[in-house]
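K.L.:
Here it is, the structure, as C-alpha cells.
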Amino acid sequence: MTVRSDIEIAQQAQLTPITEVAAKVGLTADDLELYGKYKAKISFAAIRRLQKKADGKLVLVTAITPTPAGEGKTLTSIGLAQAMNKLGTSAVVALREPSMGPVFGMKGGAAGGGYAQVLPMEDINLHFTGDMHAITAAHNLLAAALDNHVHQGNALRIDVRRILWKRVVDMNDRALRNIVVAMGGKVCGFPREDHFMITVASEIMAILCLATDLMDLKKRMAAISVAYDLDGKLVTAGQLGVAGAMAILLKDAIKPNLVQTSEHTPALIHGGPFANIAHGCNSIIATKLALKMGDVAITEAGFGADLGAEKFMDIVCPYGNLQPHAAVLVATVRALKLHGHADPHDLASENTAALQAGLDNLAKHLDNLQQFGVPAVVGINRFTSDTEREIQLLRTWCAERDIPVAINTCWRDGGDGGKELAQAVLQVLKQETRPVHPLYEAQTGIAEKVKTVVQRIYGGEDVVFTNKAKKQLQEIEDFGWGHLPICMAKTQYSLSDDPQRLGAPTGFTVTIDDVSLCTGAGFIVCRTGNVMVMPGLPKVPAATRMDIDENGKITGLF
2 MTVRSDIEIA QQAQLTPITE VAAKVGLTAD DLELYGKYKA KISFAAIRRL
52 QKKADGKLVL VTAITPTPAG EGKTLTSIGL AQAMNKLGTS AVVALREPSM
102 GPVFGMKGGA AGGGYAQVLP MEDINLHFTG DMHAITAAHN LLAAALDNHV
152 HQGNALRIDV RRILWKRVVD MNDRALRNIV VAMGGKVCGF PREDHFMITV
202 ASEIMAILCL ATDLMDLKKR MAAISVAYDL DGKLVTAGQL GVAGAMAILL
252 KDAIKPNLVQ TSEHTPALIH GGPFANIAHG CNSIIATKLA LKMGDVAITE
302 AGFGADLGAE KFMDIVCPYG NLQPHAAVLV ATVRALKLHG HADPHDLASE
352 NTAALQAGLD NLAKHLDNLQ QFGVPAVVGI NRFTSDTERE IQLLRTWCAE
402 RDIPVAINTC WRDGGDGGKE LAQAVLQVLK QETRPVHPLY EAQTGIAEKV
452 KTVVQRIYGG EDVVFTNKAK KQLQEIEDFG WGHLPICMAK TQYSLSDDPQ
502 RLGAPTGFTV TIDDVSLCTG AGFIVCRTGN VMVMPGLPKV PAATRMDIDE
552 NGKITGLF
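Structure (C-alpha cells):
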C-alpha cells in the first residue's frame, strides 16, 4: 500500500470556506477578519459576545517523555476532536502555532499528520497570519528603543553591563547566539555584547499567551524588565515609553486564529511558546474561547507531562482560571522501548522486554497527573510497526492498574481512528470534577518551589544552585517577586536535566545555573545548563528537502 505524505494529504483535502466552519460554533461572517478563504481571526466583539455562553469541558493532551521526532500529541488532539464530533459531541481544538525554526530544522511542522491535520497546513507551518512576525517586531522594537535610549543620553542611567533584553528571530541560527552590536563608531551607539533567541522564547510570546485581553497585554508589556540601572534597580519597558507602540504591533496578533481540521472540525491556532524554554501552551484567550464554542475544548501542552502539563497546571490554570476535567497521556510503543534501553536505531522491531522496562516512564507521568488531581486516559498513538503483542502488553499493564487506555490510529484513519479514545475520554468527563491544585503555594520561596517540582514531578533527589543562580534568586526575592510561579527550562528528552538518562531515573540532582525574572509574563525562569534559547540547524536541515514549482506547489514540507 502506498502511504501518502502529510503534505500530499493536506494538498488533496477539500477545504470548507472558513465562514462555514465558523457557523458551526455560532460565529457569523461579521465576527471574522478574513485572511483569504480558509483562515480568519476572531474579533474582540465576537469573543465578548460568546462570554455569555456556559463553558464546555476542558481536556488537556500531554505525553510521556518523547523521542526527538515527538510522539504525536498534536495529531492526537486533532484526531480526538474529529472523533468526538463524529460521535455527536461538539468539540473544538485549541493548539499552538508552529515556529519556523523547527519547520526548517529537524523536527518539522506542528500541524498534526496524516488524516488528523489542521489546514491549510502549509500556511500554518509558515507565515500563517503573521503572528510570529508581529511578536518578533514588538520584541525587537523594545530592543531598539533600549539601545537608542542609551545612545541619546541615558536619562534612566541604564547600566550597559547589565542589559537583560535580547533580540529575537524565528529561525534556528546558532551564529546569532552571542554577538557584538553597535560597532562602527559613535554614530552607531555604545558597543556591547548581545544575544539572539528564537522568537518562541521571547517573553512577549509568553505574555501574548497569558494575557486576557489587549489592555492586559499592554499592561504586561509595560512591566517587562529590560535592564538594571546604575543603582541596581530594574528598568522596565514602561519607563522607555514604548509599551503602547508594542501593543499596536500586536493588536491583531492577540486575536485567535480560526482554521479547520482535515475533517472540517473548528480549530483555534494561537501562540506558540516552547515548553522546554517557556510554558509551552497556546493562549489563554484561545483556550477560553474554545470552551465557549464547543461542549468539549481540547488543548495541548508541549513535550512530556513533566514540562508542558506541569506548567499548564502551575502557571496557565491560575492565570486563566482554567479547570481541566481530564487529560490524555499520549504514549507510543517506540518511545517506551527507547526508555527501556532498546537500540534507538531499531525501535521498529518487536521488543517486549524493552517495552516492559520502559513502562516506568509512563507510570511516572501518570503519577504526575494524579498529583494535580486530573483523571487521565492513556492514548496509544499506534505506528504501523507496532505488533499485536506489544499493544496487548500495554493494554494489560493499564488494565491491571485500572487506568483507561485506548488505541489511536488517527494518522491513518482520521476521526474514525480516534473513536475508542474519544469514548474513553467522554466516559471520564462524566465523573465529578475535582479542583486542580498547584504543586506549591505562591508564597513558598523560589528554591523550595524548584525543589518541589524536581522531587515530585521529575523524581529527583535534590537541587543545586550555582553561585550565579543563588545571587539571582536572592535578588529576585529582594525585589519582591518571589511569589511568582516558576517556569523550568529543561531538556525534554529526560525527566532529569540530563538527556541521556532515560526511563524514570531517581536519585539525581538537578543543577540550576541561571534564574531570570519575567515581570511581564509573571513567572521566574529557572534554567538548567543544556537548554538553548537559540537552537541551531542540524547537519542536514529539513529545508534542504523542500521545494516549490512554477505553480506554487510546495513539496518536502512536513
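The opening residue of the sequence shown carries number 2 in my numbering; numbering runs sequentially from there. Cβ atoms here follow ideal geometry from the backbone N, Cα and C, with glycine treated the same way.
From what residue to what residue does the beta strand (DSSP E) around residue 193 run?
P.N.:
By one-based count along the sequence shown, residue 193 stands at place 192. 193-195 is the span of the beta strand (DSSP E), which, as asked, contains residue 193.
K.L.:
In three-state DSSP terms, what is residue 490?
P.N.:
For this step, residue 490 is matched to residue 489 along the sequence shown. Strand.
K.L.:
Where residue 212 and residue 521 are concerned, what is the direct C-alpha to C-alpha distance, given to the nearest angstrom?
P.N.:
On the sequence shown, position 211 is the one that residue 212 refers to. On the sequence shown, position 520 is the one that residue 521 refers to. So the two alpha carbons sit approximately 10 Å from each other.
K.L.:
I need the DSSP call for residue 14, collapsed to helix, strand or coil.
P.N.:
Position 13 of the sequence shown holds residue 14. In this structure, residue 14 counts as coil in the three-state DSSP scheme.
K.L.:
Label residue 527 either buried or exposed according to how many other C-beta atoms from any shown protein chain fall within 10 Å of its C-beta, with 16 as the threshold for buried.
P.N.:
Translated into the one-based positions of the sequence shown, residue 527 becomes position 526. Flag for residue 527 reads buried.
K.L.:
Spell out the partners DSSP gives residue 267 in its beta bridges.
P.N.:
Here residue 267 corresponds to residue number 266 of the sequence shown, with the count starting at 1. 261.
K.L.:
Compare the C-alpha of residue 365 against each of 65, 111, 134 and 43 and name the closest.
P.N.:
Reading the sequence shown from its first residue, position 364 is the one you call residue 365. It is 65 whose Cα lies nearest to the Cα of residue 365.
K.L.:
Just to confirm the assignment, what range does the beta strand (DSSP E) spanning residue 525 have?
P.N.:
Numbered from 1 along the sequence shown, position 524 holds the residue referred to as residue 525. That run of the beta strand (DSSP E) goes 524-529.
K.L.:
Using the rule of at least 16 other Cβ atoms within 10 Å of the residue's Cβ for burial, across every protein chain shown, is residue 184 buried or exposed?
P.N.:
Position 183 of the sequence shown, counted from the first residue, corresponds to residue 184. Classification of residue 184: exposed, given that the 10 Å Cβ count is below 16.
K.L.:
Does the distance from the C-beta atom of residue 259 to that of residue 474 stay below 9 Å?
P.N.:
Position 258 of the sequence shown, counted from the start, is the residue given in the question as residue 259. Position 473 of the sequence shown, counted from the start, is the residue given in the question as residue 474. No, the Cβ-Cβ distance between residue 259 and residue 474 is not below 9 Å.
K.L.:
So, residue 248 versus residue 222, is the Cβ gap smaller than 9 Å?
P.N.:
Working through the sequence shown from its first residue, we reach residue 248 at position 247. Working through the sequence shown from its first residue, we reach residue 222 at position 221. Contact: yes.
K.L.:
Nearest to residue 410 by alpha carbon, out of 311, 49 and 83?
P.N.:
One-based indexing of the sequence shown puts residue 410 at position 409. The shortest C-alpha separation from residue 410 is found at 83.
K.L.:
What are the uninterrupted segments assigned as alpha helix (DSSP H) that are 4 or more residues long and contained completely in the stretch 265-352, given in chain order?
P.N.:
Entirely contained in the stretch 265-352, the alpha helix (DSSP H) runs reaching 4 residues are, in chain order, 285-294, 318-321 and 334-340.
K.L.:
Tell me which same chain residues have a C-beta within less than 6 Å of the C-beta of residue 363, skipping the five on either side of it?
P.N.:
Residue numbering aside, residue 363 sits at position 362 when the sequence shown is read from its first letter. Hits under 6 Å: 65 and 332.
K.L.:
Applying the 10 Å Cβ sphere with the 16-neighbour rule, what's the burial state of residue 231?
P.N.:
On the sequence shown, position 230 is the one that residue 231 refers to. Exposed, because fewer than 16 other Cβ atoms sit within 10 Å of the Cβ of residue 231.
K.L.:
By the DSSP assignment, the alpha helix (DSSP H) with residue 126 in it spans what residues?
P.N.:
Counting from 1 along the sequence shown, the entry for residue 126 is found at position 125. Segment 122-126, the alpha helix (DSSP H) holding residue 126.
K.L.:
Pick from 189, 518 and 514: whose alpha carbon is nearest that of residue 530?
P.N.:
Mapped onto the sequence shown, residue 530 falls at position 529. When only C-alpha atoms are compared, the closest one is 514.
K.L.:
Report yes if the CB atom of residue 111 is closer than 9 Å to the CB atom of residue 96, and no otherwise.
P.N.:
As a first step, residue 111 must be located in the sequence shown, where it is residue number 110. As a first step, residue 96 must be located in the sequence shown, where it is residue number 95. Taking 9 Å as the Cβ cut-off, residue 111 and residue 96 qualify as a contacting pair.
K.L.:
Rank 476, 457 and 451 by C-alpha distance to the C-alpha of residue 561 and give the top, closest one.
P.N.:
No answer is possible for residue 561: it lies beyond the span of the chain, which begins at 2 and ends at 559.
K.L.:
Quick one: which unbroken alpha helix (DSSP H) runs of 4-plus residues sit fully inside the stretch 344-423? Chain order, please.
P.N.:
Qualifying alpha helix (DSSP H) stretches, in chain order: 353-372, 389-401 and 411-414.
K.L.:
Taking residue 497 as the reference, which of 396, 511 and 384 has the closest Cα?
P.N.:
For the purposes of this step, residue 497 is taken as the residue at position 496 of the sequence shown. The option with the nearest alpha carbon to residue 497 is 511.
K.L.:
With DSSP as the reference, identify every bridge partner of residue 240, one or two as the case may be.
P.N.:
In the sequence shown, counting from the first residue as 1, residue 240 sits at position 239. For residue 240, which the question treats as bridged, DSSP gives no partner whatsoever.
K.L.:
Going by Cα to Cα distance, which pick from 360, 509 and 545 is closest to residue 392?
P.N.:
Here residue 392 refers to the residue found at position 391 of the sequence shown. Of the listed residues, the one whose Cα sits closest to residue 392 is 360.
K.L.:
Identify whether residue 2 lies in helix, strand or coil by the three-state DSSP scheme.
P.N.:
Looking up residue 2 in the sequence shown gives position 1. Because the pLDDT of residue 2 is 47, which lies under 50, any placement of that residue in the model is unreliable, and the number read from its coordinates should be weighed accordingly. Residue state, collapsed to three classes: coil.
K.L.:
Tell me, which residues are paired with residue 509 by DSSP?
P.N.:
For the purposes of this step, residue 509 is identified with residue 508 of the sequence shown, where counting begins at 1. According to DSSP, residue 509 bridges with nothing at all.
K.L.:
I need the straight-line Cα distance from residue 237 to residue 268, nearest angstrom please.
P.N.:
As a position in the sequence shown, residue 237 is number 236, starting the count at 1. As a position in the sequence shown, residue 268 is number 267, starting the count at 1. Near 36 Å, if we compare the C-alpha coordinates of residue 268 and residue 237.
K.L.:
Give the DSSP-derived three-state secondary structure of residue 221 in the structure shown.
P.N.:
Position 220 of the sequence shown holds residue 221. Of the three classes helix, strand and coil, the one that applies to residue 221 here is helix, per DSSP.
K.L.:
Taking Cβ positions, are residue 252 and residue 215 nearer each other than 9 Å?
P.N.:
Walking along the sequence shown from the start, residue 252 turns up at place 251. Walking along the sequence shown from the start, residue 215 turns up at place 214. Yes, the Cβ-Cβ distance between residue 252 and residue 215 is below 9 Å.
K.L.:
Starting from residue 20 and walking both ways along the alpha helix (DSSP H), at which residues does that stretch end?
P.N.:
Here residue 20 refers to the residue found at position 19 of the sequence shown. Start and end: 19-24.
K.L.:
Starting from residue 208 and walking both ways along the alpha helix (DSSP H), at which residues does that stretch end?
P.N.:
As a working mapping, residue 208 is identified with position 207 in the sequence shown. Segment 204-211, the alpha helix (DSSP H) holding residue 208.
K.L.:
Could you round the C-beta distance between residue 447 and residue 525 to whole angstroms and report it? I think they count as a contact, below 8 Å.
P.N.:
For the purposes of this step, residue 447 is taken as residue 446 along the sequence shown, with counting starting at 1. For the purposes of this step, residue 525 is taken as residue 524 along the sequence shown, with counting starting at 1. With a Cβ gap of about 6 Å, residue 447 and residue 525 count as contacting.
K.L.:
Bridge partners of residue 100, per DSSP?
P.N.:
Residue numbering aside, residue 100 sits at position 99 when the sequence shown is read from its first letter. Answer is none; residue 100 lacks a bridge partner.
K.L.:
Straight-line CA distance for residue 127 to residue 172?
P.N.:
As a position in the sequence shown, residue 127 is number 126, starting the count at 1. As a position in the sequence shown, residue 172 is number 171, starting the count at 1. If you take the alpha carbons of residue 127 and residue 172, they lie about 11 Å apart.
K.L.:
On the DSSP bridge list, what partners appear for residue 228?
P.N.:
In the sequence shown, residue 228 corresponds to position 227, counting from 1. In the DSSP output, where bridge partners are listed per residue, residue 228 has 164 and 236.
K.L.:
So, with DSSP's three-state summary, where would you put residue 35?
P.N.:
Working through the sequence shown from its first residue, we reach residue 35 at position 34. Three-state result, residue 35: strand.
K.L.:
Can you tell me the Cα-Cα spacing of residue 374 and residue 283, whole angstroms?
P.N.:
In the sequence shown, counting from the first residue as 1, residue 374 sits at position 373. In the sequence shown, counting from the first residue as 1, residue 283 sits at position 282. Their Cα atoms are separated by approximately 22 Å.
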